[in-house]
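Novice: Numbering (the working numbering), first residue to last: 7 to 524.
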Amino acid sequence: MLRNLSYRYDGATDRWHELAPIPGPGRLFAAVAQVGEELFLVGGYPALSVVHRYDPAHNRWQAGPPLHQGRHSFGLARTPGGELYAVGGAVGDEGLASVERLVAGVWQLMPALQLPYRNGVGAAYVDGAVVAVGGAGSQGGSELLAVDPAFCRSRFSVDASVAGTGKPLLYTIQLQGNTVALPDARLHNRLPPATRFVGFVDNALNARYDATSHAIDWQGALAAHATPPAIRYQLTSDPRELTTGDRLTNTVTFAHGAALTFTRQTPVALLSTDLANSYKAVDQSRVRSGALLTYTIAIQGESYVSNTVTVRDPLPPLLTYVPDSLRYIGGRGGYDVATRSIWWEGSTATTGAPFANVQDRYLWGDNRTDFTGIGGGPVGGGAAGSFAVPYQWLSIQESGTVIGNGDDVYFCELPIGFAFPFYGKNETTFCVSTNGFLSFDPLGDAGDTTPLCPLPDRNGNRGMIAAIWDDLVVGDAIYYQTFGSAPHRSLVVQWQDVHRFGALTAQSANFQLVLMED
Numbered sequence: 007m008l009r010n011l012s013y014r015y016d017g018a019t020d021r022w023h024e025l026a027p028i029p030g031p032g033r034l035f036a037a038v039a040q041v042g043e044e045l046f047l048v049g050g051y052p053a054l055s056v057v058h059r060y061d062p063a064h065n066r067w068q069a070g071p072p073l074h075q076g077r078h079s080f081g082l083a084r085t086p087g088g089e090l091y092a093v094g095g096a097v098g099d100e101g102l103a104s105v106e107r108l109v110a111g112v113w114q115l116m117p118a119l120q121l122p123y124r125n126g127v128g129a130a131y132v133d134g135a136v137v138a139v140g141g142a143g144s145q146g147g148s149e150l151l152a153v154d155p156a157f158c159r160s161r162f163s164v165d166a167s168v169a170g171t172g173k174p175l176l177y178t179i180q181l182q183g184n185t186v187a188l189p190d191a192r193l194h195n196r197l198p199p200a201t202r203f204v205g206f207v208d209n210a211l212n213a214r215y216d217a218t219s220h221a222i223d224w225q226g227a228l229a230a231h232a233t234p235p236a237i238r239y240q241l242t243s244d245p246r247e248l249t250t251g252d253r254l255t256n257t258v259t260f261a262h263g264a265a266l267t268f269t270r271q272t273p274v275a276l277l278s279t280d281l282a283n284s285y286k287a288v289d290q291s292r293v294r295s296g297a298l299l300t301y302t303i304a305i306q307g308e309s310y311v312s313n314t315v316t317v318r319d320p321l322p323p324l325l326t327y328v329p330d331s332l333r334y335i336g337g338r339g340g341y342d343v344a345t346r347s348i349w350w351e352g353s354t355a356t357t358g359a360p361f362a363n364v365q366d367r368y369l370w371g372d373n374r375t376d377f378t379g380i381g382g383g384p385v386g387g388g389a390a391g392s393f394a395v396p397y398q399w400l401s402i403q404e405s406g407t408v409i410g411n412g413d414d415v416y417f418c419e420l421p422i423g424f425a426f427p428f429y430g431k432n433e434t435t436f437c438v439s440t441n442g443f444l445s446f447d448p449l450g451d452a453g454d455t456t457p458l459c460p461l462p463d464r465n466g467n468r469g470m471i472a473a474i475w476d477d478l479v480v481g482d483a484i485y486y487q488t489f490g491s492a493p494h495r496s497l498v499v500q501w502q503d504v505h506r507f508g509a510l511t512a513q514s515a516n517f518q519l520v521l522m523e524d
């Protein structure tokens with residue numbers, strides 16, 4: 007028999023004292039957390055969404071804001087700021103991966119757990135993050151959701167993932183304070199070999215560069231919740247030692263005290279300017295003595311990096327340069343009398359904004375881990391037969407904004423609801439096609455129905471994310487909706503009642519694509 011009784015333990019007398027009864031019938035597998043002077047009793051079996059608050063000063067229970075999703079056997083964590091996080095749990099016997107946050111009296115949906123079916127999960131606030139541990143189906147894994155500033159989220163970045171050899175690279179070190187003051191924070195940045203330190207661009211923290219060790223060091227105190235000015239500096243690679251295809255990896259070690267140490271790395275792929283299609287031509291193959299010859303030097307090739315190009319063209323002994331006859335577009339050039347040479351210096355233009363995958367590990371979200379990738383072994387690193395990136399369906403057919411339907415239709419200027427980082431650019435609007443893909447190219451092709459791999463392809467849409475990419479027809483509609491609050495918002499795009507063009511079947515599919523702010 008379930009009871010709705012509540013008790014208080016008095017440590018001084020080693021006795022339990024009965025308190026006001028909990029409203030309603032008794033409940034199983036609910037969660038309790040203290041916020042301020044009050045106790046919050048949340049959820050319960052089989053899928054209760056009710057919340058009650060207990061006021062010990064007046065020995066009184068009163069109703070609180072209900073959960074979006076009723077649940078039992080879940081984790082309930084409180085942050086120092088008084089926010090509550092309801093994590094995982096179950097509905098009946100079915101595990102949950104969803105997460106909700108109570109702030110200012112309202113429960114908000116948060117990013118779901120990566121591992122699904124966490125029935126019986128434990129949750130706690132640790133150093134700026136809500137940590138989920140254990141639970142049925144979790145395979146012993148733990149996850150964390152960053153909710154407050156933390157020193158371990160100090161960042162190290164570079165302004166390009168691809169660069170020309172010898173070109174300056176701008177590095178940024180951004181320290182992040184903890185929820186408490188750190189009196190002995192440190193960083194050590196041993197610069198890569200075959201590089202030259204150009205100088206600091208921003209250095210309000212007075213970091214030091216030591217030429218002997220070829221390293222940057224800083225040590226000092228970080229106030230609680232502090233985000234001090236960034237340290238920025240430039241570095242160039244030595245083109246005599248580093249060439250096309252080399253990877254320039256720069257590493258920073260952050261530390262506090264004797265116990266906390268972690269590193270951050272920034273790899274850059276180095277490329278040289280491709281001048282393979284350059285040529286020199288003359289307008290005549292045979293001439294009489296004293297006749298004019300016109301020479302043309304074309305500097306061309308497919309290049310993904312802008313770089314400085316130098317041309318030196320010594321004249322043959324029997325030729326004489328005609329004064330003021332040199333013509334060129336861009337750069338600077340002339341005739342050197344001492345060496346009897348035509349010279350020119352300028353920069354090549356890139357064919358487009360380059361991006362290179364300089365990471366060592368791919369994560370395949372739409373393949374099972376029993377799929378074997380290049381090099382052998384399951385893709386994603388999980389157990390065989392499991393999904394590398396677990397996904398939880400969140401239907402927005404009733405709550406989302408209707409975009410439209412049809413065949414070969416392309417909808418644009420749709421708000422994401424937050425700045426979504428995509429290959430070095432923050433996108434705030436998106437386009438979506440009835441052919442199953444999302445794009446950030448407003449001039450894209452609505453009828454793009456043929457998957458072209460590898461991406462990107464110069465003949466297809468630029469900046470795209472494909473869900474199910476084919477020649478499709480949307481019968482119901484495409485919907486979109488943004489959830490959560492900064493910095494943990496997410497955009498859900500849902501294709502509803504979709505079939506292949508010309509398919510001789512009434513069967514259709516529904517699928518989603520989710521963009522995460524973090």
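Glycine included, every Cβ here is placed at the ideal spot set by N, Cα and C.
What's the gap between the Cα of Ala103 and the Cα of Val112?
Specialist: 20 Å
Novice: Buried or exposed, going by whether 16 or more other CB atoms sit within 10 Å of the CB of Glu523?
Specialist: buried
Novice: Short check: CB of Ala53 to CB of Gly76, under 8 Å?
Specialist: At a Cβ-Cβ threshold of 8 Å, Ala53 and Gly76 count as neighbours.
Novice: Given this structure, state the Cα-to-Cα distance separating Ala230 from Ala355, to the nearest angstrom.
Specialist: One C-alpha to the other measures close to 46 Å.
Novice: Could you give the DSSP three-state label for Phe446: helix, strand or coil?
Specialist: Assigned with DSSP and collapsed to three states, Phe446 falls in coil, not helix or strand.
Novice: Using C-beta distances below 7 Å, list every residue in its chain close to Phe4, excluding the 5 sequence neighbours before and after it, in chain order.
Specialist: Beyond the ends of the chain as shown, which are 7 and 524, falls residue 4; an answer cannot be given.
Novice: Tell me whether Arg346 sits in a helix, a strand or coil according to DSSP, three-state version.
Specialist: Coil, per DSSP.
Novice: Out of curiosity, what's the CA-to-CA distance linking His505 and Ala221?
Specialist: 59 Å
Novice: With H, G and I counted as helix, E and B as strand and the rest as coil, what does DSSP make of Arg159?
Specialist: In the structure shown, Arg159 sits in a helix (DSSP, three-state: H, G or I).
Novice: If you draw a straight line from the C-alpha of Pro235 to the C-alpha of Ile474, how long is it?
Specialist: 44 Å
Novice: Helix, strand or coil for His58? Go by DSSP, reduced to three states.
Specialist: strand
Novice: Give the range of the beta strand (DSSP E) segment to which Gly81 is assigned.
Specialist: Gly81 to Arg84
Novice: Tell me, which residues are paired with Cys437 by DSSP?
Specialist: Ser445
Novice: Pull up the distance between the alpha-carbon of Ala142 and that of Thr434, whole angstroms please.
Specialist: Taking the straight line joining both Cα atoms gives about 38 Å.
Novice: So Leu181 packs on Leu241, CB below 8 Å; how close in whole Å?
Specialist: Not a contact, Cβ separation roughly 19 Å.
Novice: What are the start and end residues of the beta strand (DSSP E) that includes Glu419?
Specialist: Tyr416 to Phe428 is the extent of the beta strand (DSSP E) around Glu419.
Novice: Give the range of the beta strand (DSSP E) segment to which Gln114 is assigned.
Specialist: That run of the beta strand (DSSP E) goes Val112 to Met116.
Novice: Can you have a look at Tyr485 and say buried or exposed, based on whether 16 or more other CB atoms are within 10 angstroms of its CB?
Specialist: When all chains shown are included, Tyr485 counts as buried.
Novice: Hey, would you say Leu119 sits closer than 8 Å to Val136, going by beta carbons?
Specialist: no
Novice: May I ask you to verify whether the segment 148 to 162 touches the segment 210 to 221, counting CB pairs closer than 8 Å and requiring at least 3?
Specialist: no
Novice: Using a Cβ-Cβ cutoff of less than 7 Å, which residues in the same chain neighbour Asp366 once the five nearest sequence positions on both sides are dropped?
Specialist: The pLDDT assigned to Asp366 is 48, lower than 50, so where the model puts this residue is not dependable, and the model offers no usable value.
Novice: Under 8 Å, do Val127 and Gly140 count as touching if we go by C-beta distance?
Specialist: yes
Novice: Which first and last residues belong to the beta strand (DSSP E) in which Ile179 is found?
Specialist: Leu175 to Gln180
Novice: By how many angstroms is the C-alpha of Ala130 removed from the C-alpha of Ala389?
Specialist: Unreliable placement is indicated for Ala389, whose pLDDT of 46 sits below 50; the coordinate value is still reported in the next sentence. Cα to Cα, the separation comes out at about 26 Å.
Novice: Do you know offhand how far Leu287's Cα is from Tyr301's?
Specialist: Sequence inspection shows Ala at residue 287; the Leu mentioned does not correspond to that position. Looking at the two C-alpha atoms, the distance is approximately 6 Å.
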